[in-house]
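Residue numbers (our numbering), protein chains in the order written: chain A, 1 to 338; chain B, 1 to 338; chain C, 1 to 338; chain D, 1 to 338.
Structure first, then comments.
Number of protein chains: 4
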Amino acid sequence: MQIGMMGLGRMGANMVRRLLKGGHECVVYDINPASVNALVSEGAIGATSMEDFVAKLQKPACAWLMLPAAITGENVDKVAALMAAGDIIIDGGNSYYHDDVDKAEQLRAQGIDYIDVGTSGGVWGLDRGYCLMIGGPNEAVRHLDPIFATLAPGNTEEAPATSEGLRTAHLGYLHCGPTGSGHFVKMVHNGIEYGMMAAYAEGMNILKAANAGNKTRDIDAETSPLPTPQYYKFDIDMAAVSEVWRHGSVISSWLLDLTADALKQDPELAAYGGRVSDSGEGRWTLKAAIDTGVPTPVLSSALFQRFNSQGESLYADKLLSAMRFAFGGHHEKPKSGA
Amino acid sequence: MQIGMMGLGRMGANMVRRLLKGGHECVVYDINPASVNALVSEGAIGATSMEDFVAKLQKPACAWLMLPAAITGENVDKVAALMAAGDIIIDGGNSYYHDDVDKAEQLRAQGIDYIDVGTSGGVWGLDRGYCLMIGGPNEAVRHLDPIFATLAPGNTEEAPATSEGLRTAHLGYLHCGPTGSGHFVKMVHNGIEYGMMAAYAEGMNILKAANAGNKTRDIDAETSPLPTPQYYKFDIDMAAVSEVWRHGSVISSWLLDLTADALKQDPELAAYGGRVSDSGEGRWTLKAAIDTGVPTPVLSSALFQRFNSQGESLYADKLLSAMRFAFGGHHEKPKSGA
Amino acid sequence: MQIGMMGLGRMGANMVRRLLKGGHECVVYDINPASVNALVSEGAIGATSMEDFVAKLQKPACAWLMLPAAITGENVDKVAALMAAGDIIIDGGNSYYHDDVDKAEQLRAQGIDYIDVGTSGGVWGLDRGYCLMIGGPNEAVRHLDPIFATLAPGNTEEAPATSEGLRTAHLGYLHCGPTGSGHFVKMVHNGIEYGMMAAYAEGMNILKAANAGNKTRDIDAETSPLPTPQYYKFDIDMAAVSEVWRHGSVISSWLLDLTADALKQDPELAAYGGRVSDSGEGRWTLKAAIDTGVPTPVLSSALFQRFNSQGESLYADKLLSAMRFAFGGHHEKPKSGA
Amino acid sequence: MQIGMMGLGRMGANMVRRLLKGGHECVVYDINPASVNALVSEGAIGATSMEDFVAKLQKPACAWLMLPAAITGENVDKVAALMAAGDIIIDGGNSYYHDDVDKAEQLRAQGIDYIDVGTSGGVWGLDRGYCLMIGGPNEAVRHLDPIFATLAPGNTEEAPATSEGLRTAHLGYLHCGPTGSGHFVKMVHNGIEYGMMAAYAEGMNILKAANAGNKTRDIDAETSPLPTPQYYKFDIDMAAVSEVWRHGSVISSWLLDLTADALKQDPELAAYGGRVSDSGEGRWTLKAAIDTGVPTPVLSSALFQRFNSQGESLYADKLLSAMRFAFGGHHEKPKSGA
């Protein structure tokens, strides 16, 4: 079937490629004409403006937006202004699901269906397929089923489930509920991702410290001594451990596959400085947990560790040192070279 | 080659089966004769006593113990007393690696090699193979290579690595270092496992609460109101979401595979009461982190949540209520039916 | 000076009493006439309706609202509708500071000044005085200085500071900034309160467990053994410990004073069931931390422990048990009687 | 009465001064003769060697050791070798209570009583008195009551309690139980201290960030945007807020008194770099919680934040960046200047 794709960054462009390969017709648009041209040369139909983009879409027009969250709202409005009742807009970016809920209600007045699709798969999606978490009205979602089926991994061994919910899940896409539910499920997905990543990272950090008993250590009142150095004399091969865990262990996962790859290239990870960004979903997950009163000590610890890595604990840490000096006369040790 | 297996519980018996299938000769012993007989009927050589067990082992005798951690130490001593210099004892249970380090030193005086093997794979290991994390002297570990190779999953697509560390890791077994390092790596593995499990559980708990806006809520000073109910009106199909995440998403893993299976059977998990045991490794992981000064907020949050589920926060919680009454006259709400 | 007080619950009524004692004229109103009459008998001027209440206020009318957060907004609007430019409304309840910021902007169009006052002191404020965190326009805040000075503890030994910020802080009230800043500072105050309370509660819970080595313990695969029972044979006198810490220790505090009192009455705290409510400020504190990227692992852990005590981890805990059964065949232990 | 004090560092010397002022006779010894001479000039009896020190003590000899934990054990042994049955050794340092339990059993064979005293009060103890948490045999502890009474704050307004436990607690010293219990209670005290300090520090850090809406912010995919800048436009006077909270609020405490002082001197805390040491007790507290299965999410978060401030999360953070690059092609932002 035909689909329009607007926003041809890494994610959007690769999704077009996967759709073209699947036999779909893709009308593509981006403010950067070079991005349009690149895909035209691969078989897509290019548009020179938003008006041109919408004009080239057959009815009901289906426009998939793959834009940064910050500019999605305004662009949805612009596209919607060019559309008619019965048309469909899909937001496949990393929007806050609150915005989807609000936007769907706004567009409903115009008769336009608004679908939100949480998309996981990153740079690997082109080949592996994208895991799609979809929110929106039943009919519109069903209309786009061929598109979702192509973008998703598909081709898995399991027999299709009989229940509606499980009908497509094993193929890698799922209609989660009304508009907003797609990004809600994707948001929680990313919250879990933060927690899993931190679990691996903390564990590997302990393995790295397993040779602490072989190292000399400052002996002063401000350094807690290592109590039993004889138990910390292991030089662990980080790459080999992450590799062995991939095979038959309880903690095997795709993230571990990637970790093992990275550690094989450089077990010291010298290319990185240790400043870990967070992109919004982890924060939103936590806010949803707070709103609904769900305890999330692990997910929040993972997020706060990222804030820490960004240097945001500095003032709090200074305050602790100031208190220690005030009650005990403790002088700060200088920060280590790191 | 020949190997002796002592301790024929679920894990030990299945490992014997996998070894027999791999063409090895297995001498088996357990204080329960029925467990011995069952494996004899499958091709193992039975022993009627510990003395008989050791006597039936060819030199150098290799005795693999698969016993509860609490009784491993004393049984190692008994077996060692029947052995001679050059023999090998393997502890495949869930021992604390401190005990391995100590025991290895003790047995070294007798000329007996002591090997510790952390084993992951649970009830699935018989078919999938076990992920083996091995600590011990080089020569003894190399001697047992055929055994490890059979127990491990093996047969993976990757080409063998050139480095020593990665030589066997892709087959699912790894010589991690001197005795103790096997259980050290397994301990951290389990610490990570706790963190990953909690990440999924917390995330799924948020999904479960996504319909909070459809529920009535107590309106009183002791209940924090739901601020924006319009954003919490999703009835999420837990089984379907866990299934879709298995396909192409960043958080796919074997634990997620198992979770999806469990939720397909009963999305309400009515068979469970919510008391989560912990078996030692999570605690030891944390102690290692504390000793070496490694921050582990996620792994510790996961462990403490288990303590919470075991009811161990009760006194602390009562104290919070007592303080709230003392400064604000706040009366406790009764616990909900749950 | 004259002040109107609307909302005569525990907090509002006691504040009127403290103001009357301080020589101020108080016009009082509540939807419950009995509450009005009680204070009239103590010297206040009663009002029979909101209209009557506003009519009895001299110009510029100063109306202090002490209402539940949920109904503050609508009542502010009603009072404002009866007022004129130059009048002042004070919100002394536990409102979300976002609402204050919005409301102040709305009322500015009418020429009405809106002041928010975070109030700490609970049931003890009548005698000890209230700690007041004030947000609002300079002139209006200064106009109410006599009221703030009477409500606050005052009478402290310190000499007044020379800087504007510290001019009144040592008396127990502070103009924190524009409208909203009072409740912002009070919100963070409560976030800290949660953290401090949890620190005491967790520590006392460890003291309570100091006799674990004297207790019998289940011996099974689902119970982690106590490693060194000889170090856990102390029967700690909880009341005495909390008392001794009040005198000369680094952790002495008013919360500890209250804790010691409560433990003297009943060290087992049998009157409490352990369900700890949270009233909003802890949640808002965390959201502010998330918005601004400030790591708050301690404050969030304290909040999540309250959610736990409310039973909200149940589904997550069930899921952990389901996973453990799936990979290891572990059966849940039944919940203990507690 | 007479007491011997060995170890004349800041703590030991000040305790001697407080004892001399209280009319006690103090025999003092230190490996640094200058420390001895200083106190001799203030009225103490100096000793020139450990032998001389013990020889000058009347029977039963009472030797109080105030030494770093690392060298306490060996010095106890040396002193004990010079003593006879019926003598008393007191360890007033920051020893691990496990060592006290073991040492008491060892000395019991010699007939020497071993008392451990956890001491809080820091540099303020000389004037304010020290909070003493005492473990040891009843008779020996009672024998030293005059010493404890002088060191402790005493002079408080409360009437003595009738129960044994509360007999002395209001004076600032408490016999907590057998040897080891004093340092156990002090250990938990410090664990709580870490939690309280972190609660204040995190809260103040949020206040510091309350003007985030006035600042420019990077706009890129690696920076989470500030969602509602209009609510983050407060410039909070940190010194004034910490001061006002001291008066009538729920979170007033001695730590807050010290914090307010520090912030009055420099609200930016420019003298500190933010590396926060930890000295052992926080780690031991956590280990006790783990051994006994007590959930301590707040106390552990506080400890791990210190590890973070010491730079110990670096490898974990690098690993997170490596994973993010692997699945999403995310490039790390450089660390900010801080």
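Even glycine gets a Cβ: it sits at the ideal position worked out from N, Cα and C.
Source: prediction; values computed, not measured.
message = Can you look up VAL250/C in the DSSP assignment and give me helix, strand or coil?
response = coil
task = Can you pull the chain B residues whose beta carbon is under 9 Å from the beta carbon of PRO153/A, in chain order?
result = HIS247 and GLY248
task = Taking only the alpha-carbon atoms, compute the straight-line gap between ARG17/B and MET323/D and give it to the nearest angstrom.
result = 38 Å
inquiry  = For GLY274/B and GLN310/B, what's the separation of their Cα atoms in angstroms?
reply    = 8 Å
key: Rounded straight-line distance, which links the Cα of ASP113/B to that of ILE88/B   = 5 Å
message = What are the residues in the segment 289-309 of chain D lying within 7 Å of chain A by C-beta distance?
response = PRO297, GLN305, ASN308 and SER309
message = Beta-carbon within less than 6 Å of GLU243/B's beta-carbon, same chain only, minus the 5 sequence neighbours each way: which residues are those?
response = ALA260
message = Does any residue of chain B have a CB that is nearer than 9 Å to the CB of ARG283/D?
response = yes
Below-9 Å beta-carbon distance, GLY122/B vs any chain A residue = yes
query = Are any of the Cβ atoms in chain B nearer than 9 Å to that of ILE251/A?
reply = yes
task = Under 8 Å between beta-carbons, which chain B residues line up against LYS78/D? List them in chain order, please.
result = Within chain B, no residue comes near LYS78/D; the closest Cβ sits about 28 Å away, beyond 8 Å.
ask   = GLY328/D and VAL123/A look like a contact to me (Cβ under 8 Å); what is the Cβ gap, rounded to whole Å?
value = 6 Å
key: Assumed close pair VAL241/A, GLY182/A - CB separation to whole angstroms, cut-off 8 Å   = The Cβ separation is near 37 Å, so there is no contact.
message = Would ALA109/B pass as an interface residue toward chain A - the criterion being a Cβ-Cβ separation below 9 Å?
response = no
message = Looking at chain B, is there any beta carbon in it that lies within less than 9 Å of the beta carbon of THR150/A?
response = no
request  = Have a look at ARG167/D and ALA199/C and give me their C-alpha separation to the nearest angstrom.
outcome  = 26 Å
inquiry  = For a cutoff of 9 Å on Cβ pairs, would you count LYS233/D as touching chain C?
reply    = yes
query = Does DSSP classify GLY337/A as helix, strand or coil?
reply = Confidence in GLY337/A is poor, its pLDDT being 45 and thus under 50, which makes the residue's placement unreliable; the coordinate value appears in the next sentence. Looking at GLY337/A - three-state DSSP - the assignment turns out to be coil, as it is neither helix nor strand.
query = Which residue's Cα is closest to the Cα of ALA152/D: GLU164/D, ASN214/D, HIS175/D and GLU139/D?
reply = HIS175/D
ask   = Can you give the beta carbon distance from ALA80/A to GLN110/A, rounded, assuming they're within the 8 Å contact cut?
value = 6 Å
ask   = Considering only residues of the same chain and omitting the five flanking positions on each side of ALA212/C, which have a CB-CB separation below 6 Å?
value = LEU226 and TYR232
Buried or exposed (CB count within 10 angstroms, at least 16 for buried), PRO295/C = buried
query = Residues bridged to LEU132/C by DSSP?
reply = THR119/C and TYR173/C
key: Per DSSP, cross-strand counterpart(s) of LEU65/C   = MET6/C and ASP91/C
inquiry  = Give me the chain B residues within the contact set of GLY22/A, using Cβ-Cβ distance strictly less than 9 Å, ordered along the chain.
reply    = Residues of chain B passing the Cβ test: none, with the nearest at roughly 15 Å.
ask   = Is SER95/A close to chain C, meaning its C-beta is less than 9 Å from at least one C-beta of that chain?
value = no
query = Does the count of Cβ pairs from the segment 123-143 of chain B and the segment 178-192 of chain B closer than 8 Å reach three?
reply = yes
request  = Spell out the partners DSSP gives ILE45/A in its beta bridges.
outcome  = VAL27/A
task = Count the other C-beta atoms from every protein chain shown that fall within 10 angstroms of the C-beta of LYS318/D, then say buried if there are 16 or more, exposed otherwise.
result = buried
message = Taking its Cβ as the centre, do 16 or more other Cβ atoms sit within 10 Å of PHE148/A, making it buried, or is it exposed?
response = buried
query = Per DSSP, ASP113/C is paired with what?
reply = ILE88/C
request  = Could you tell me the boundaries of the alpha helix (DSSP H) in which SER181/C lies?
outcome  = 181-208
query = If we cut at 9 Å on Cβ distances, does ARG410/D have a partner in chain A?
reply = Coverage of chain D is limited to positions 1 through 338, which leaves residue 410/D absent and any answer about it impossible.
query = Would DSSP call SER35/C helix, strand or coil?
reply = helix
key: Top-ranked residue by Cα proximity to ALA239/A, from ASP91/A, GLY23/A, GLN265/A and ARG217/A   = GLN265/A
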